[in-house]
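Undergrad:
Protein chains: 2
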Amino acid sequence: MNHVSDKKPEHETIYVRVKEMILFGEFIPGQPITILGLSESIGAGVTPVREAIRRLTAEGALRSLKNRRVEVPEMSDHRLSQIELVRMSVEPALATMAAANIDDRVIAELEQIDTLVDKAIDNGDTREYLAANYQFHFTLYEAADALILQRIAESLWLQVGPSLRVVCGRYGTAKLLDQHREATLALREGDTEKVKKAIEEDIRQGLALVRQTLRA
Amino acid sequence: MNHVSDKKPEHETIYVRVKEMILFGEFIPGQPITILGLSESIGAGVTPVREAIRRLTAEGALRSLKNRRVEVPEMSDHRLSQIELVRMSVEPALATMAAANIDDRVIAELEQIDTLVDKAIDNGDTREYLAANYQFHFTLYEAADALILQRIAESLWLQVGPSLRVVCGRYGTAKLLDQHREATLALREGDTEKVKKAIEEDIRQGLALVRQTLRA
DNA sequence: TTTCCGCACTTTTGATCAAAAATAGATTCG
DNA sequence: CGAATCTATTTTTGATCAAAAGTGCGGAAA
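Listed in order, the protein sequences are those of chains Z and V. full-length UniProt numbering numbers the first residue of the first sequence as 1 and each following residue consecutively. full-length UniProt numbering numbers the first residue of the second sequence as 1 and each following residue consecutively.
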C-alpha cells in the first residue's frame, strides 16, 4: 500500500476536541489550563496535548503566561473592540463571497442547521445553540472558499467563545435573536448585499450582548 | 529565590528564530520543511522544533500537507487578495491607534530605524532591508497597544514573507520606495489621519509589487 | 498579625526511543 | 517503454523519563 493515510494524527484530533470545548463554552474565562490535567481528563498522552495547546495559543484561544502557565483569557472592552473591528471586516466579506458561490444544496444545509439553532433556543440548550450557531456561520463561510479569511474568523470566534458561555449563563437563550432567516432568504434570492447586511447585523448583535454582559 | 524565571523556553526561542527566517526571506515559497532537518540545521532537539512548527502552522506561516509534511506556502492571487483585504483594515487601524498614543522617544526610534531601511536599500542588502522594514512597522504597531490586531498583522506578514524574497530577488532593492518618511513626519505633527494614509500607501505599494512579481 | 523562607508536591520541558508512515529508487511485470 | 510493486531509508509521531521550574502551604521570625 502507500502514501497519504487518511487517519489524522492524535494532536490534530485533540486540537479539534479542545477547540470545540472552547468554542462551545466549556471553559470559564480566566480558567487555568494544565497540560497534564487536560491530557488526563481526555485520556491522551501529554505530547500531542502539548502540540494542540501551542496551536490554540498561537490562535489566541489560550494565553500563555510568562510563568509557563496557560489560561483561558478573560474578555475586556479593549479586546472586544479589536475583535469587533476585524470581525466586521472579515465576516461580511466572507458572507459576500459565499453568497456569490453558493449552490442550493448548501443553502438547504444552512436552512437545516438553522432549524437546529431555533430548536436549541427553544429548549434553552446553551451548548447546542453555540454549536449550531457556529456550524451555521462556518458552513456559510466555507462556501466563500477563502481559507485565510476563514482562519482569521475562526481565531476570533475562539477568542469570544468563553465569553458566550457567560452571556448565556446570565440571560439564558431567551435574549438570543435568530438573524439567520434573513440570511438564508437573501441567499435564495441571490441578493448578495442583503446577505452581507444580515451577517453584519448578526455580529453586531452578538457582540453587543457580550459587551453588555461585560459591563454588568 | 522564586517564581517567574526570565529565561524563555527553548520552543519559544526556536519559534522566534524560525519566524525571522520566514519574515526575512530565508525560505523559498514551496520549500518543504522537515522537523528533523530544521532541528539539525539549527542544532536543537526535535521536540521544541515540533512545537514551534505547530505554532507557525497555526499562524499560516507554514502549511501542513495531508501527508504529514510541512511546507512554505506559495503565494497566489487568491491568497494575496485575502491578505490585502485584512491588512488594509488592520494595519491602518493600528497606525491610527499608535499615532494617538505614541511618545517622542518612540518616534525617534522609528526615525532611527528608518535610516537603517534607507541604508539597506542603498546597499542592496535585501535581508537587512526586510528586517529593518519589519522593525519599523512593528515598532509603530507596538505603540498602538492592541495585541490582537498586532498578532493578526504579524500572521499576515508571515504569509507574505517568503514572497518578498522573490520580489527582491527579481528587482533588487532598487524599486523599493521608502514610504516611511511620510509617516514619521506625520507622527511629529500629530496628524493621525496622515499617518494612516501613509501606512495605507505603504501596504498598497508593497502588495502591488508582490502581485506584479506573481503575474510575471 | 504579617512577612519571609524552606520544603513537599505539581507541572512543564526537552531528550530519547520504538513504532507507524511516507518517500525514493530499484526492480519486476505487462 | 511505462506502470505497478517492493524495499531500504528517512521522517513523523507519541510515550516515557529525568531534570528544571513553579506553586503553595506551614512555620519561624519580626
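Beta carbons: idealized from backbone N, C-alpha and C, even for Gly. All values derive from a computational prediction rather than experimental measurement.
1. Since proline 29 of chain Z meets chain V, which of its residues come closer than 8 angstroms, beta carbon to beta carbon?
2. In chain V, which residues lie with their C-beta within 9 angstroms of the C-beta of glutamate 20 of chain Z?
3. What does DSSP give as the partner residues of arginine 63 of chain Z in its beta bridges?
4. For the stretch 73-142 of chain V, which segments carrying the alpha helix (DSSP H) assignment without a break, of at least 4 residues, lie completely within its bounds, in sequence order?
5. Isoleucine 42 of chain Z and valine 70 of chain Z - do their beta-carbons sit closer together than 8 angstroms?
6. Would arginine 181 of chain V pass as an interface residue toward chain Z - the criterion being a Cβ-Cβ separation below 8 angstroms?
7. Of all Cβ atoms in chain V, is any one closer than 8 angstroms to the Cβ of leucine 110 of chain Z?
8. Chain V beta carbons: is any one of them nearer than 8 angstroms to that of valine 86 of chain Z?
9. Thinking C-alpha only, which one of Z:Tyr171, Z:Glu189, Z:Ala216, Z:Asp202 is nearest histidine 180 of chain Z?
10. Is there contact between the stretch 194-208 of chain V and the stretch 92-110 of chain V, where contact requires at least three CB pairs shorter than 8 angstroms?
11. Just to make sure I have the definition right: I need the residues of chain V whose C-beta is within less than 7 angstroms of the C-beta of valine 90 of chain Z. Which are they?
12. Check whether the stretch 111-121 of chain Z touches the stretch 148-164 of chain Z, taking contact to mean three or more Cβ pairs, one atom from each stretch, closer than 8 angstroms.
13. Along the chain, where does the alpha helix (DSSP H) that runs through proline 179 of chain Z open and close?
14. Can you tell me whether DSSP reads isoleucine 28 of chain V as helix, strand or coil?
15. Run the CB neighbour count on histidine 137 of chain Z, radius 10 Å, all protein chains shown included, and call it buried at 16 or more, exposed below.
16. For the stretch 46-63 of chain Z, enumerate the residues whose C-beta is nearer than 7 angstroms to any C-beta of chain V, in chain order.
17. If you draw a straight line from the C-alpha of glycine 22 of chain V to the C-alpha of methionine 88 of chain Z, how long is it?
18. Answer yes or no: does any C-beta atom of chain Z fall closer than 8 angstroms to that of tyrosine 148 of chain V?
19. From what residue to what residue does the alpha helix (DSSP H) around alanine 153 of chain V run?
20. Can you give me the C-alpha to C-alpha distance between valine 166 of chain V and threonine 213 of chain V, rounded to a whole angstrom?
21. Which of the three DSSP states, helix, strand or coil, is assigned to asparagine 2 of chain V?
22. Give the residues from the stretch 151-170 of chain V that approach chain Z closer than 9 angstroms (Cβ to any Cβ), ordered along the chain.
23. By the 10 Å Cβ neighbour count, where 16 or more other Cβ atoms means buried, how is proline 32 of chain Z classified, buried or exposed?
24. Taking the CB atoms as reference points, tell me whether aspartate 191 of chain V and isoleucine 121 of chain V lie closer together than 8 angstroms.
25. Sorted by chain position, which residues of the same chain lie with C-beta nearer than 7 angstroms to phenylalanine 27 of chain V's C-beta, five sequence neighbours on each side aside?
26. So the candidates are Z:Asp145, Z:Ala186, Z:Arg215; which of them puts its Cα closest to the Cα of histidine 78 of chain V?
27. Assuming glycine 206 of chain V is part of the alpha helix (DSSP H), what are its boundary residues?
28. Check this for me: beta carbons of glutamate 51 of chain V and glutamate 51 of chain Z, under 8 angstroms apart or not?
29. Which residue marks the beginning of the alpha helix (DSSP H) containing alanine 52 of chain V, and which one marks its end?
30. So with CB distances below 8 angstroms, who are the chain V contacts of isoleucine 33 of chain Z?
31. Taking a contact to mean a Cβ-Cβ separation below 8 angstroms, would you say leucine 164 of chain V touches glycine 25 of chain V in this structure?
32. Since lysine 19 of chain Z is in the alpha helix (DSSP H), which residue starts that stretch and which ends it?
33. In the DSSP output, which residue or residues are listed as bridge partners for isoleucine 33 of chain V?
TA: Quick look at the numbers:
1. From the beta-carbon of proline 29 of chain Z, no residue of chain V is found nearer than 8 angstroms; the closest lies around 15 angstroms away.
2. Near glutamate 20 of chain Z there are no residues of chain V at all, since even the closest Cβ is about 16 angstroms away, more than 9 angstroms.
3. Bridge partners of arginine 63 of chain Z: Z:Glu71.
4. Runs found: 77-101, 104-123, 126-142.
5. Contact annotation: valine 70 of chain Z and isoleucine 42 of chain Z have beta-carbon atoms that are not nearer than 8 angstroms.
6. Chain Z has no Cβ within less than 8 angstroms of the Cβ of arginine 181 of chain V.
7. Not an interface residue.
8. For valine 86 of chain Z, the nearest beta carbon of chain V is closer than 8 angstroms to its own beta carbon.
9. Checking every option, the nearest Cα to that of histidine 180 of chain Z belongs to Z:Asp202.
10. Yes, since at least three Cβ pairs between the stretch 194-208 of chain V and the stretch 92-110 of chain V fall closer than 8 angstroms, the two stretches touch.
11. Within chain V, the residues near valine 90 of chain Z are Val86.
12. No, the stretch 111-121 of chain Z is not in contact with the stretch 148-164 of chain Z.
13. According to the sequence shown, residue 179 of chain Z is glutamine rather than proline. First-last for glutamine 179 of chain Z: undefined, no H or E at that position.
14. Coil.
15. Taking all protein chains shown into account, histidine 137 of chain Z has 16 or more neighbouring C-beta atoms within 10 Å of its C-beta and is therefore buried.
16. Interface annotation for the stretch 46-63 of chain Z against chain V: Arg50, Glu51, Arg54, Arg55, Ala58, Glu59, Gly60, criterion Cβ-Cβ distance under 7 angstroms.
17. Strictly speaking, residue 22 of chain V in this sequence is isoleucine, with glycine absent from that position. Computed Cα separation, rounded: 29 angstroms.
18. Residue identity differs from the one stated: residue 148 of chain V is isoleucine in this sequence, not tyrosine. The beta-carbon of isoleucine 148 of chain V is placed less than 8 angstroms from the nearest beta-carbon of chain Z.
19. Residue range 147-171 is occupied by the alpha helix (DSSP H) that includes alanine 153 of chain V.
20. Between valine 166 of chain V and threonine 213 of chain V, the C-alpha separation is close to 8 angstroms.
21. The predicted model places asparagine 2 of chain V with a pLDDT of 48, which falls under 50 and marks its position as unreliable, so this point remains unresolved.
22. Answer set for the stretch 151-170 of chain V: Arg151, Ile152, Ser155, Leu156, Gln159.
23. By the Cβ neighbour-count rule, proline 32 of chain Z is exposed, with fewer than 16 other Cβ atoms within 10 Å of its own.
24. The answer is no: Cβ separation not under 8 angstroms.
25. Sequence-distant Cβ neighbours of phenylalanine 27 of chain V in its own chain, meaning closer than 7 angstroms and more than five residues away, are Met21, Val72, Pro162.
26. Here the closest residue by C-alpha is Z:Asp145.
27. Residue range 192-215 is occupied by the alpha helix (DSSP H) that includes glycine 206 of chain V.
28. Between glutamate 51 of chain V and glutamate 51 of chain Z, the CB-CB gap stays under 8 angstroms.
29. Its alpha helix (DSSP H) spans residues 46-58.
30. Those do not exist, as isoleucine 33 of chain Z stays about 16 angstroms from chain V at its closest Cβ, beyond 8 angstroms.
31. Contact: yes.
32. According to the DSSP assignment, lysine 19 of chain Z belongs to the alpha helix (DSSP H) that extends over 10-23.
33. DSSP, once it has assigned bridges, lists V:Val70 as partnering isoleucine 33 of chain V.
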